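Colleague: Structure below; questions to follow.
2 protein chains.
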Amino acid sequence: MNHPTDDPMDNIFHALAHGVRREILDYVLAHPGCFSGNIAEQFEISRIGVSKHIKILHKAELLVIEKSGRNSLHYFNAVPIQMIYDRWTNEYSQFFASKLNAFKLQLESNQESNMDSEPTEDCHEKTA
Amino acid sequence: MNHPTDDPMDNIFHALAHGVRREILDYVLAHPGCFSGNIAEQFEISRIGVSKHIKILHKAELLVIEKSGRNSLHYFNAVPIQMIYDRWTNEYSQFFASKLNAFKLQLESNQESNMDSEPTEDCHEKTA
DNA sequence: TTAATATGTAACTATTTGGTTACATATTAA
DNA sequence: TTAATATGTAACCAAATAGTTACATATTAA
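Protein sequences, first through last, are from chains A and B. Okay, so the first sequence: first residue is 18 according to our numbering, each after it adds one. Okay, so the second sequence: first residue is 18 according to our numbering, each after it adds one.
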């Protein structure tokens, strides 16, 4: 009933799914304007492997690349990260998250729950 | 030189990397306290497939699961999302991101750049 | 021009991931 | 108890991913 593939943020989440790509972001954030070669030196995998990771980060717009002669300068772009935050973090989720943390602590200490947030009932319907 | 596998946030990013798992989070955020079966109904894949996705989200602590009899109630937890935001979003990256956006717009309109943020030079050293 | 440099792509392979069917366990209803 | 329900795991197969080597292109230095 859903369409798992047409998520406009898919590129972003896919880019962030690999440890090397996240470390590339860490490095570029700390070294704005660095070259591909500089990035590749930081990793044990080959330069080509790193190049492919950079391409994926660029497609997700997590990296901005500025060409200068035979060099390419790399910059981190935080906008997609902001989009992740905005997708699931609103007043409601923040409120509920903190309530849940309190609730979990209560469970762990074997006390009675006095949460006033009850589960929604409209999702417990049977189909057919 | 790096250690791509020992990233404590790896579970979180891996969990968010699949479209179905992100839609599960969307659904649970909108239907707190829903059961596994309710979630599974939303997708074309089998209940078992959804169950495996839920397990991955639970491991990443993006879902809190409360067992009640033969039912399990699901709640969204926004804390890992906050951790992503905190990892790369600080005053520096925010400042730079906005500067870059302005810079890209300048490039697209074929104007001269007047950015005062120069690339760092300490990352353009040659090795050996 | 010629050589070295910086970077990128294509084709291929090993590993990981996502989905399934079959089976198992625990709870509630009759 | 017996049947239906809600859920989860194991084993397996197809698809996607991550890495490699080989090759290609463009820029700068000699």
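For each residue, glycine too, the CB sits at the ideal point set by N, CA and C. Keep in mind that this is a model prediction, so the values were computed, not measured.
Under 8 Å between the Cβ atoms of residue 70 of chain A and residue 37 of chain A?
Modeller: In contact: residue 70 of chain A and residue 37 of chain A (Cβ atoms closer than 8 Å).
Colleague: Applying the 10 Å Cβ sphere with the 16-neighbour rule, what's the burial state of residue 50 of chain A?
Modeller: With 16 or more Cβ atoms within 10 Å of its Cβ, residue 50 of chain A is classed as buried.
Colleague: Taking residue 94 of chain A as the reference, which of A/43, A/23, A/25 has the closest Cα?
Modeller: Taking only the C-alpha atoms, the option nearest residue 94 of chain A is A/43.
Colleague: Could you check how far apart the C-beta atoms of residue 55 of chain A and residue 75 of chain B are, in whole angstroms? I think they sit under 8 Å.
Modeller: So it is not a contact: roughly 39 Å between Cβ atoms.
Colleague: From residue 96 of chain A to residue 86 of chain B, what does the alpha carbon distance come to, in whole angstroms?
Modeller: When rounded, the distance between both Cα atoms is 43 Å.
Colleague: 8 Å is my cut-off, CB to CB: does residue 75 of chain B come that close to chain A?
Modeller: Not closer than 8 Å to any Cβ of chain A, the Cβ of residue 75 of chain B fails to qualify, so no.
Colleague: Pop quiz: residue 30 of chain B and residue 64 of chain A are said to be a contact at Cβ under 8 Å. What is the actual Cβ separation, rounded to whole angstroms?
Modeller: Going by Cβ atoms, the distance from residue 30 of chain B to residue 64 of chain A rounds to 24 Å, so no, they are not a contact pair.
Colleague: So which of B/33, B/61, B/57 has the shortest CA-CA distance to residue 79 of chain B?
Modeller: Considering only alpha carbons, the answer is B/33.
Colleague: Quick one: what does DSSP say residue 42 of chain A is sitting in, helix, strand or coil?
Modeller: If DSSP states are grouped into helix, strand and coil, residue 42 of chain A belongs with the helices.
Colleague: Anyone know if the C-beta pair for residue 101 of chain B and residue 101 of chain A falls short of 8 Å?
Modeller: Result yes, Cβ atoms of residue 101 of chain B and residue 101 of chain A sit closer than 8 Å.
Colleague: Which chain A residues are close to residue 101 of chain B, counting only those with a beta carbon under 9 Å from its beta carbon?
Modeller: 33, 98, 101, 102, listed in chain order.
Colleague: Terminal residues of the continuous alpha helix (DSSP H) containing residue 33 of chain B?
Modeller: Unbroken alpha helix (DSSP H) run through residue 33 of chain B: 27-33.
Colleague: One question on the structure: do residue 89 of chain A and residue 98 of chain A come within less than 8 Å of each other, judged by their Cβ atoms?
Modeller: For residue 89 of chain A and residue 98 of chain A, no; Cβs fall outside 8 Å.
Colleague: Anything in the region 26-50 of chain B with a Cβ closer than 7 Å to a Cβ of chain A? List those residues in chain order, please.
Modeller: Per Cβ criterion, the list reads 27, 30, 31, 33, 34, 36, 37, 39, 40, 42, 46, 48, 49, 50.
Colleague: Spatial neighbours of residue 59 of chain B within its chain, please: CB distance less than 6 Å, with the 5 preceding and 5 following residues excluded, ordered by chain position.
Modeller: Result list for residue 59 of chain B: 44, in chain order.
Colleague: What is the residue span of the beta strand (DSSP E) that residue 9 of chain A lies within?
Modeller: No statement about residue 9 of chain A is possible, as the shown extent of chain A runs from 18 to 145 and does not include it.
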